[in-house]
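Colleague: Have a look at this one.
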Amino acid sequence: MTVSIQEIRENPEVRAYIEKGDERLAVLGFTEHGLRHSAHVSAQAEAILSHLNYPERIAELAAIAGYMHDIGNAVSRDSHAQIGALLARSILRDMKMDFREIAEVMAAIGNHDETVGQVMNVAGAALILADKSDVHYRRVRNKERVAFDIHDRVNYAVRDSKLVLEGADISLTLTTDPDISPVLDYFEIFLPRMVMCRRAAAFLDCRFHLVINDAKML
Numbered sequence: 019m020t021v022s023i024q025e026i027r028e029n030p031e032v033r034a035y036i037e038k039g040d041e042r043l044a045v046l047g048f049t050e051h052g053l054r055h056s057a058h059v060s061a062q063a064e065a066i067l068s069h070l071n072y073p074e075r076i077a078e079l080a081a082i083a084g085y086m087h088d089i090g091n092a093v094s095r096d097s098h099a100q101i102g103a104l105l106a107r108s109i110l111r112d113m114k115m116d117f118r119e120i121a122e123v124m125a126a127i128g129n130h131d132e133t134v135g136q137v138m139n140v141a142g143a144a145l146i147l148a149d150k151s152d153v154h155y156r157r158v159r160n161k162e163r164v165a166f167d168i169h170d171r172v173n174y175a176v177r178d179s180k181l182v183l184e185g186a187d188i189s190l191t192l193t194t195d196p197d198i199s200p201v202l203d204y205f206e207i208f209l210p211r212m213v214m215c216r217r218a219a220a221f222l223d224c225r226f227h228l229v230i231n232d233a234k235m236l
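Basically the numbering used here = 1-based index in the sequence shown + 18.
Structure below.
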């Protein structure tokens with residue numbers, strides 16, 4: 019049975035896990051990982067594969083993986099990608115999705131975390147690029163700047179972020195405020211993510227670039 023991204027968005031179990039996962043991360047002081055982030059990653063992942071002329075269903079599977087990628091946070095931040103993949107399997111089986119498609123979504127979700135993940139399939143590559151590019155000040159929960167840690171500062175310093183698709187070039191373009199956080203801090207925190215983005219782009223036969231304040235860094 020073909021399960022659509024719209025059905026995933028409307029699934030009460032999926033929404034509950036995303037919302038509860040975001041609550042868990044708020045307790046730990048993490049940036050926002052709620053329904054907004056899920057919808058953004060979903061749309062970006064689908065847009066990447068559509069831009070590269072992948073079949074519509076492959077792009078939709080990336081959108082599904084993107085929407086569900088953080089549901090494991092409802093259980094634990096540690097191993098949330100692998101937990102999320104197993105939760106997704108259960109939900110998608112109940113929705114009667116084709117087993118081969120479930121396997122593609124599971125692989126994408128289970129490998130999106132830069133600490134242990136590997137680029138395993140097209141949907142996963144798009145998910146990685148979409149997820150790691152969602153960085154900006156609106157995701158910071160801490161309202162007291164004097165209490166910011168380096169993660170808060172780096173995210174808060176990003177005033178605008180865009181994932182630009184031009185042919186085979188995929189560029190994360192950031193506008194940052196160096197008075198809030200120097201560019202070096204960005205690399206200290208996010209270099210593993212950028213390396214993973216480069217690998218994801220290469221998997222799609224593309225080139226990944228990081229541009230900060232009009233200067234190409236990668």
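For glycine and all other residues, C-beta sits at the position ideal for the given N, C-alpha and C.
(1) Let's see if you can read the secondary structure: which residues bound the alpha helix (DSSP H) around Lys180?
(2) Measuring CA to CA, which of Ala106, His169, Glu74, Ala80 is closest to Ile89?
(3) Could you give the distance in angstroms between the alpha-carbon of Glu28 and the alpha-carbon of Lys114?
(4) Since Ile9 sits in a beta bridge, which residues does DSSP pair it with?
(5) Starting from the C-beta of Arg95, find all residues in its chain whose C-beta is less than 8 Å away, skip the five residues before and the five after it, and write them out in chain order.
(6) Out of Val59, Asp112, Ser108, Val134, which one is the CA nearest neighbour of Met124?
(7) Does DSSP put Lys234 in a helix, in a strand, or in coil?
(8) Hey, Met214 and Lys161 are a contact pair by Cβ (cut 8 Å); roughly how many whole angstroms apart?
(9) Please report the distance separating the alpha-carbon of His169 from that of Phe208.
(10) Would you kindly report the start and end of the unbroken alpha helix (DSSP H) that includes Gly84?
(11) Please list, in chain order, all residues of the same chain as Ala238 whose beta carbon is under 7 Å from its beta carbon, the five residues on each side excluded.
Modeller: Short version:
(1) Looking at the DSSP string, Lys180 is not in any alpha helix (DSSP H); the run it does join, the beta strand (DSSP E), is 176-184.
(2) Checking every option, the nearest Cα to that of Ile89 belongs to Ala106.
(3) Their Cα atoms are separated by approximately 16 Å.
(4) Any answer about residue 9 is impossible in this case: the structure gives the chain only from 19 up to 236.
(5) Non-local C-beta neighbours of Arg95 in its own chain, meaning closer than 8 Å and more than five positions away in sequence, comprise Arg42, Leu43, Leu46, Phe48, ordered along the chain.
(6) Distances from the alpha-carbon of Met124 to those of Val59, Asp112, Ser108, Val134 put Ser108 closest.
(7) In the structure shown, Lys234 adopts extended strand secondary structure according to DSSP, grouped into three states.
(8) Contact between Met214 and Lys161 is ruled out by a C-beta separation of about 30 Å, above the 8 Å threshold.
(9) Using only the alpha carbons, I get a separation of about 9 Å.
(10) 74-86 is the span of the alpha helix (DSSP H), which, as asked, contains Gly84.
(11) Outside the displayed span of the chain (19 to 236) sits residue 238, for which this structure offers no information.
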